[in-house]
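Presented below is the structure to which this report refers.
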Amino acid sequence: MTPALDLLKKVRAEHRIHSYEHDPKAASYGLEAAEKLGLDPAQVFKTLLASSEKGELLVAVVPVVGSLDLKALAQAAGVKKVEMADPAAAQRSTGYLLGGISPLGQKKRLRTFIDVTAQPFATIFVSAGRRGLEVELAAAALAEHTQAKFAEIGRA
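Below, the structure is given as structure tokens:
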């Protein structure tokens with residue numbers, strides 16, 4: 115179990131766990147998950163951390179087939195500028211290793227933003243807190259349990 119799955123169990127959120135054999139040589143953890151689980155990559159989301167000019171860490175959940183629009187995230191968060199967070203700071207703050215950072219069950223509650231492209235899907239897939247482990251749940255449930263806001267933060 116991971117903190118993400120413990121949280122979902124505790125709040126009795128509807129979810130499904132999917133696991134696969136992670137290849138350490140995989141170029142993209144998210145695309146690897148989509149491929150190995152036979153999923154539409156547009157439905158698989160990666161968790162990225164960005165840092166504002168004031169040093170606030172922000173969580174961004176965007177499709178694995180796209181990238182994070184840093185200007186759009188800054189606008190959504192109401193800050194001047196953001197850049198990708200230092201990997202060590204991301205790991206320290208979330209309690210997860212890179213490639214397995216889940217938006218759920220992080221050590222510190224960080225402001226979280228989910229790309230609006232998640233909303234049309236009945237369910238989406240995000241990391242369950244470990245490489246090779248994904249959790250499937252409704253985007254609204256993810257937003258509820260991370261206190262996230264939906265925003266146009268992804269770039270195709």
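Positions in the sequence shown are counted from 1; adding 114 to them yields our numbering. Where a beta carbon is used, it is the ideal one built from N, C-alpha and C, also for glycine. Model, not experiment: these values are computed from the prediction.
Please say whether residue j and residue i have beta carbons closer to each other than 8 Å?
i	j	result
I267	A190	yes
T161	S216	yes
T231	Q261	no
E128	S165	no
Let's see if you can read the secondary structure: which residues bound the beta strand (DSSP E) around residue i?
i	result
P177	171-177
K263	263-265
Please classify residue i as buried or exposed, where buried requires at least 16 other C-beta atoms within 10 Å of its C-beta.
i	result
V125	exposed
R271	Only positions 115 to 270 of the chain appear in the structure, and residue 271 is not among them; the question remains open.
S241	buried
D183	buried
E186	Contrary to the premise, residue 186 reads as Ala rather than Glu in this sequence. A186 comes out buried.
L212	exposed
Could you pull the DSSP bridge partners for residue i from this structure?
i	result
K160	V176
T226	V173
G268	L182
H129	Looking at the DSSP assignment, H129 forms no beta bridge with any residue, so it has no partner.
L122	Note: L122 sits in no beta bridge, so no partner.
S166	V196
I238	L251
Under 8 Å between C-beta atoms, does residue i make it to chain D?
i	result
E149	Absent from the structure: chain D. Only one protein chain is present.
Along the chain, where does the alpha helix (DSSP H) containing residue i start, and where does it finish?
i	result
R206	201-208
A257	253-260
### Query
Do the stretch 138-146 and the stretch 250-261 meet, that is, are 3 or more Cβ pairs less than 8 Å apart?
Counting Cβ pairs under 8 Å, fewer than three are found: no touch.
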